[in-house]
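Engineer:
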Amino acid sequence: MEYTELADYPMHEGHVLGWVPNAGPGSWRDDERRLSTDHESHVGRAHADPDRHRGSWIGGAFRIAGPLLRDVFAAALADWLGRHEAYRTTAVATDTGWRRRTVAPESVEVAVRPVPEPCGGSDACARLEEFFAEVVSSVRWPHLAVVTVEPDSACRDEAAFFTVVFAADHTVMDAYTQAFTIGEFTELYRARLAAAGSELPPCGSYVDFSAAERAVDDALDATHPAVRRWGALIDTGFPGFPLPLGPGGVDGGGQQASLSRWLLDAPATESFVAAAKRFGGSQTSGFVAAVKSALGRLGADGLRFVMPMHTRYTPELATAAGWFVGVMPVDDRMDGAGSFGEAVPGTAVALRANRDVVPFSLSRITDLLGVGEAPQFVVSYIDGRAVPGANRWSAHDRVLRSRVRSDSEVYLWINRAAGGLNLSMRYPNNDVATASVHAFVAEFAAVLTEVASHGDASIGQSAAVDGSTR
1 MEYTELADYP
11 MHEGHVLGWV
21 PNAGPGSWRD
31 DERRLSTDHE
41 SHVGRAHADP
51 DRHRGSWIGG
61 AFRIAGPLLR
71 DVFAAALADW
81 LGRHEAYRTT
91 AVATDTGWRR
101 RTVAPESVEV
111 AVRPVPEPCG
121 GSDACARLEE
131 FFAEVVSSVR
141 WPHLAVVTVE
151 PDSACRDEAA
161 FFTVVFAADH
171 TVMDAYTQAF
181 TIGEFTELYR
191 ARLAAAGSEL
201 PPCGSYVDFS
211 AAERAVDDAL
221 DATHPAVRRW
231 GALIDTGFPG
241 FPLPLGPGGV
251 DGGGQQASLS
261 RWLLDAPATE
271 SFVAAAKRFG
281 GSQTSGFVAA
291 VKSALGRLGA
301 DGLRFVMPMH
311 TRYTPELATA
321 AGWFVGVMPV
331 DDRMDGAGSF
341 GEAVPGTAVA
351 LRANRDVVPF
361 SLSRITDLLG
371 VGEAPQFVVS
381 YIDGRAVPGA
391 NRWSAHDRVL
401 RSRVRSDSEV
411 YLWINRAAGG
421 LNLSMRYPNN
431 DVATASVHAF
441 VAEFAAVLTE
451 VASHGDASIG
461 QSAAVDGSTR
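Residue numbers (full-length UniProt numbering): 1 to 470.
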């Protein structure tokens, strides 16, 4: 699984169609189920600053074998919208705050928007980004849209295929939803093509989950242990990436740079994980300890960051679309570790220390603490091998994210897939930050390779980003 921006996806030339959910005004009903705290907070920010949030989405791209049969595709899309209540709900502003409204599956139609001009390369990217920016919104429904790209004959192999790109607002989709949508939608299209029922398992409702999650958040107050522990980490603001990032812009919001690298193949990844387990860790603590070791080689004394964790705690939510994500603070100090093996136990302890705060919304906690800023350094780990359909992914199947504006945030996505280990990052787009990030990636790759090949890696032998010896 590779997590990149749309501009980095190898899009072919072809004919583009936009597919947009539609429901008449009389189809909507008031829904007493509360929005989750994160949903309400996200919508509030987008409403307050619509220009900054325009064009913000997450999604994916994948190929389906065979020609595009439009009636079949429209029916499969309707099945997809009907399967997930998250895609049929919205928030509307009222005098007393945000209120949920929901529409029934049978009331949703699919409108087709043709884009007759052929496109490819950067032109394709620009067209699709503008389409999604126009259609996908946090503050109005629909909160997702789909495009299909039928390849021109010149760029088609012997076998026919078409590409599907989907984009959704974060309020109705998380990273796991992005990943399983590829196999899920392919199965729905196959079932419609065969005029048969799909083989997908039943799934629960994110709307139901949101109401339960909101009740938990509403019970929090400033004396709760979760709030106090978060406060200890962010009493002076969220910790940032521990290498130089350069000066921020006057508006604090330059367009970020991004990268994606495959760092280990599958056998080397297995060897690395086996080594981490020998030192008392797991695959998650092993990869995070490798991050700490790489930064230690560049002079950092450990790392402090925010880590997303899923909140899909019951079986029926495993394949439900929605935003099932909590976060936890991690304070992972070097504590004198001189090697990767010595760093692993401390990382394992650091990752366990605050896991119990994940069910509580960070938006609620920052409100109680009076902290207004967003997390600055985020490290995410996903093992995509267990995602339904992942064993059939090709290089053309990816999860995508839109462009982001920030002069201070650094995000790391460490993704394990059947083919090995991938690292995706976004970071400030300036020379200082680029030098720091590239130095980190080089050391991270070196630590991973050394551990996979030799069972361990030392810390403290590299030059710092500024060229001095550490």
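Just so it is clear, CB atoms sit at the ideal spot from N, CA and C, and this is done for glycine as well.
DSSP three-state call for Phe62: helix, strand or coil?
Structural biologist: If DSSP states are grouped into helix, strand and coil, Phe62 belongs with the strands.
Engineer: Going by CA-CA distance only, name the one from Pro308, Trp323 and Pro239 that's closest to Trp57.
Structural biologist: Checked all of Pro308, Trp323 and Pro239; the closest Cα to Trp57 is Trp323.
Engineer: Please state whether DSSP places Gly14 in a helix, a strand or coil.
Structural biologist: Strand, per DSSP.
Engineer: Compare the C-alpha of Ala211 against each of Gly197, Ala274, His143 and Asp31 and name the closest.
Structural biologist: For the residues Gly197, Ala274, His143 and Asp31, the minimum Cα distance to Ala211 belongs to Asp31.
Engineer: Over the uninterrupted alpha helix (DSSP H) stretch that includes residue 476, give me the two end residues.
Structural biologist: The structure shown has nothing for residue 476, since the chain only spans 1 to 470.
Engineer: Using DSSP's beta-bridge definition, name the partner residues of residue 471.
Structural biologist: This structure cannot settle anything about residue 471, because the visible part of the chain is limited to 1 through 470.
Engineer: Taking the beta carbon of His454 as the centre, do at least 16 other beta carbons fall within 10 Å, making it buried, or is it exposed?
Structural biologist: Exposed, because fewer than 16 other Cβ atoms sit within 10 Å of the Cβ of His454.
Engineer: Under the DSSP definition of a beta bridge, which residues are partnered with Thr284?
Structural biologist: In DSSP, Thr284 forms no bridge with anything.
Engineer: Since I believe Ala160 is in contact with Pro239 (beta carbons under 8 Å), could you give me their beta-carbon distance rounded to a whole number of angstroms?
Structural biologist: Not really, about 51 Å apart at Cβ, beyond 8 Å.
Engineer: Figure out for me which residue from Gly248, Gly82 and Asn22 has the closest Cα to the Cα of Asn430.
Structural biologist: Residue Gly248 is the option with its Cα nearest to Asn430.
Engineer: Taking 6 Å as the limit between beta carbons, can you name the residues of its chain near Gly246, skipping five residues before and five after?
Structural biologist: Excluding sequence neighbours, Gly246 sits near Asn430, Val432 and Ala433.
Engineer: Buried or exposed: which applies to Arg70, given that a residue is buried once 16 or more other Cβ atoms fall within 10 Å of its Cβ?
Structural biologist: The residue is exposed, with fewer than 16 neighbouring Cβ atoms inside 10 Å.
Engineer: Near Ser258, which residues of its chain fall below 6 Å by C-beta distance, leaving aside the five closest residues on each side in sequence?
Structural biologist: If we look at Ser258 and ignore the five residues flanking it on each side, its Cβ neighbours are Glu5 and Arg426.
Engineer: With Phe287 and Tyr381 assumed to form a contact (beta carbons below 8 Å), what rounded beta-carbon distance in angstroms separates them?
Structural biologist: About 6 Å; that satisfies the 8 Å criterion.
Engineer: Quick one: Cα of Val110 to Cα of Ala78, how far?
Structural biologist: C-alpha separation (whole angstroms): 7 Å.
Engineer: Thinking Gly14 and Glu184 are a contact (beta carbons under 8 Å), I'd like their distance in whole angstroms, please.
Structural biologist: So it is not a contact: roughly 24 Å between Cβ atoms.
Engineer: If you follow the alpha helix (DSSP H) that Asp367 is part of, which residue opens it and which one closes it?
Structural biologist: Looking at the DSSP string, the run of the alpha helix (DSSP H) that includes Asp367 is Leu362 to Leu369.
Engineer: Less than 8 Å between the CB of Asp152 and some heavy atom of the ligand FMN, yes or no?
Structural biologist: Among the components of this structure there are no ligands whatsoever, and the ligand FMN is therefore not found.
Engineer: Would you say Asn354 and Glu2 are within 9 Å of each other, going by their C-beta atoms?
Structural biologist: Not in contact: Asn354 and Glu2 (Cβ atoms no closer than 9 Å).
Engineer: If you run the structure through DSSP and keep just helix, strand and coil, what is His454?
Structural biologist: If DSSP states are grouped into helix, strand and coil, His454 belongs with the helices.
Engineer: Give the straight-line distance between the Cα atoms of Trp19 and Asp169, rounded to the nearest whole angstrom.
Structural biologist: Spanning the two alpha carbons is a distance of roughly 16 Å.
Engineer: Quick one: what does DSSP say Asn430 is sitting in, helix, strand or coil?
Structural biologist: Residue state, collapsed to three classes: coil.
Engineer: What does the Cβ neighbour count give for Ala232, buried or exposed, with the cut at 16 atoms within 10 Å?
Structural biologist: Its Cβ having fewer than 16 others within 10 Å, Ala232 is exposed.
Engineer: Helix, strand or coil, according to DSSP, for Gly26 in the structure here?
Structural biologist: DSSP places Gly26 in helix when its eight states are reduced to three.
Engineer: Tell me the DSSP secondary structure of Ala159 in three-state form.
Structural biologist: The answer is coil: DSSP assigns Ala159 none of H, G, I, E or B.
Engineer: Quick one: complete alpha helix (DSSP H) runs, 4+ long, within the stretch 100-151?
Structural biologist: Fully enclosed alpha helix (DSSP H) runs of 4 or longer: 121-135.
Engineer: The alpha helix (DSSP H) that contains Glu71, what's its start and end?
Structural biologist: In the sequence as presented, Glu is not what sits at residue 71; that position holds Asp. Residues Arg70 to Arg83.
Engineer: Between Pro50 and the rest of its own chain, which residues show a CB-CB distance below 8 Å, the 5 nearest in sequence each way excluded?
Structural biologist: Excluding sequence neighbours, Pro50 sits near Val139.
Engineer: Give the straight-line distance between the Cα atoms of Val358 and Arg229, rounded to the nearest whole angstrom.
Structural biologist: Rounded to whole angstroms, Val358 to Arg229 spans 12 Å at the Cα level.
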